[in-house]
Amino acid sequence: MSVRYKHLTVEDFLRAHATMVEAFADYQVDMSYMTSERSWLRNLKSGVHYGCSVGAFDREKLVGVTFVGLDDWQGAKAAFDAGTGIVPGYRGQGIAKAMFEFTLPGLRKRGVSKFLLEVLQQNQAAIRAYTKTGFNISREFGCYDLSPGSFTADNFARSDFEIQIIDKARVQGFKNKVDWQPSWENSFSGMDRIEDKLIRLGAFWEGQCVGILVFYPLLRWIMSLVVDHDFRRQAVASTLLSALMKDLPRGVDIVKINNIDLSDKAMLAFFERAGALHVIDQFEMEYQF
Numbered sequence: 167m168s169v170r171y172k173h174l175t176v177e178d179f180l181r182a183h184a185t186m187v188e189a190f191a192d193y194q195v196d197m198s199y200m201t202s203e204r205s206w207l208r209n210l211k212s213g214v215h216y217g218c219s220v221g222a223f224d225r226e227k228l229v230g231v232t233f234v235g236l237d238d239w240q241g242a243k244a245a246f247d248a249g250t251g252i253v254p255g256y257r258g259q260g261i262a263k264a265m266f267e268f269t270l271p272g273l274r275k276r277g278v279s280k281f282l283l284e285v286l287q288q289n290q291a292a293i294r295a296y297t298k299t300g301f302n303i304s305r306e307f308g309c310y311d312l313s314p315g316s317f318t319a320d321n322f323a324r325s326d327f328e329i330q331i332i333d334k335a336r337v338q339g340f341k342n343k344v345d346w347q348p349s350w351e352n353s354f355s356g357m358d359r360i361e362d363k364l365i366r367l368g369a370f371w372e373g374q375c376v377g378i379l380v381f382y383p384l385l386r387w388i389m390s391l392v393v394d395h396d397f398r399r400q401a402v403a404s405t406l407l408s409a410l411m412k413d414l415p416r417g418v419d420i421v422k423i424n425n426i427d428l429s430d431k432a433m434l435a436f437f438e439r440a441g442a443l444h445v446i447d448q449f450e451m452e453y454q455f
């Protein structure tokens, strides 16, 4: 077996998606809902650049893929592993590391100074491999699922807040009101890249927008829930979440709240109080160039 590596093109997407489906068939988290359309839009949200992404080929068979996103991160150019998959039979042979190393020269030429990824905390083999490659743990994230049947936050919702559909400019106005930087996939720039696919809700008090909730129906994700500091602990978040859950788009049977910083005990407690089920935890890891 002789594996060769090359950068992908947009035209490789469907083939790469089929490889990822095969690679994630035995993943710890069910990824069967990730259709080619969802995968394409998730890549768009993550800023995937196909010319920086890598495929591993055994002759003509695509056996491994790393999708690489590019964006500004904390004031510097950065890259993100938006998905790495190796099909069964080719694992444990250093292919993931080789794909990562293959993309580094091109990223350096683009001025990238940091590479980020997310990994399930129970995936100890992957964590060890990333650590050996030079990655360090930067943050811990919690992931939750909320079903309409278990939702309880409507008990705390207030009727004196007006809930309106808002535009992306209003959302961007809350960028400086967050307590911690959102994960790569929930970034404000990512929301801009898929602006026409989102449900954006604002809570208003006397004409002032005091909180926002951004939901991505296709992936069933809450990408952002932010409340103005002057209106914390006044049921703004409960009212926004209640408005979303009462009017979920057709076909959405679960709402995912991914990548809550585990240092934010108040937000974790809020979602647990709302009936959300803790599903899994992730590490965010960084590689410094």
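Last residue of the sequence shown: number 455 in the numbering used here, and the count goes up by one each step with no gaps.
Glycine residues also receive a C-beta, built at the ideal position from the N, C-alpha and C atoms.
Counterpart residues of residue i in DSSP-defined beta bridges
i	result
serine 390	Val380
glutamate 306	Phe449
cysteine 375	Phe370
glutamine 347	In the DSSP output, where bridge partners are listed per residue, glutamine 347 has none listed.
threonine 232	Val220 and Thr250
tryptophan 239	Ala242
isoleucine 465	Shown here, the chain extends from 167 to 455; a query on residue 465 therefore has no answer.
histidine 173	Val220
histidine 444	Tyr310
glutamine 454	Lys280
valine 285	Phe449
lysine 227	Asp224
Cβ neighbours of residue i in the same chain (closer than 6 Å, five flanking residues each side left out)
i	result
leucine 228	Arg181, Thr185 and Gly221
tyrosine 256	Val229
valine 344	Val392
phenylalanine 268	Tyr171 and Val220
isoleucine 331	none
isoleucine 378	Val337, Phe340, Gly368 and Val392
Closest by C-alpha distance to residue i, when choosing among the options
i	options	result
histidine 444	Phe190, Leu428, Arg386 and Leu210	Leu428
leucine 384	Glu361, Phe455 and Ala248	Glu361
arginine 204	Arg225, His215, Asp192 and Phe179	Phe179
alanine 262	Trp371, His183, Gln290 and Gly230	Gly230
arginine 225	Ser168, Glu188, Lys172 and Phe340	Ser168
threonine 318	Gln240, Ala403, Gly217 and Cys218	Ala403
serine 316	Phe327, Val421, Leu406 and Phe301	Val421
phenylalanine 327	Gln374, Phe301 and Val418	Gln374
asparagine 289	Leu270, Gly272 and Asp192	Asp192
threonine 405	Leu174, Ala369, Thr175 and Gln287	Ala369
glutamate 177	Leu283, Gly217, Phe354 and Gly260	Gly217
glutamine 240	Thr299, Met265, Val253 and Phe354	Phe354
histidine 395	Lys412, Val380 and Val376	Val376
alanine 189	Gly258, Ala440, Pro254 and Gly356	Pro254
glycine 251	Lys243, Gly260 and Ala244	Gly260
glutamine 287	Ser304, Val418 and Lys280	Ser304
alanine 466	Phe340, Pro271, Val380 and Lys280	Outside the shown range of the chain (167 to 455) lies residue 466, about which nothing can therefore be said.
leucine 283	Ser198, Ser202 and Ala244	Ala244
Other residues of its chain near residue i: CB distance less than 7 Å, five sequence neighbours each side excluded
i	result
alanine 401	Phe322, Ala323 and Arg324
valine 285	Ala292, Ile293, Tyr296, Gln448, Phe449 and Met451
alanine 409	Ile329 and Leu367
arginine 208	Leu385
arginine 170	Phe223
alanine 248	Asn209, Ser212, Val214, Phe233, Val234 and Gly235
alanine 442	Tyr310, Asp311, Leu312 and Ile423
Proximal residues to residue i (C-beta, below 8 Å), its chain only, five neighbours per side dropped
i	result
proline 415	Ile365 and Pro383
arginine 274	Phe455
alanine 264	Val169, Tyr171 and Ala222
Validate contact between the segment 333 to 345 and the segment 231 to 247 using beta carbons, cut 8 Å, 3 pairs:
no
Only counting runs of 3 or more residues, tell me where the beta strand (DSSP E) segments fall wholly within the segment 405 to 441, in order along the chain.
Qualifying beta strand (DSSP E) stretches, in chain order: 421 to 427.
Between the segment 347 to 357 and the segment 389 to 404, are three or more C-beta pairs nearer than 8 Å?
Because the criterion of three Cβ pairs below 8 Å is met, the segment 347 to 357 and the segment 389 to 404 touch.
Pairing CB atoms from the segment 431 to 443 with CB atoms from the segment 294 to 314, are three or more of them under 8 Å?
yes
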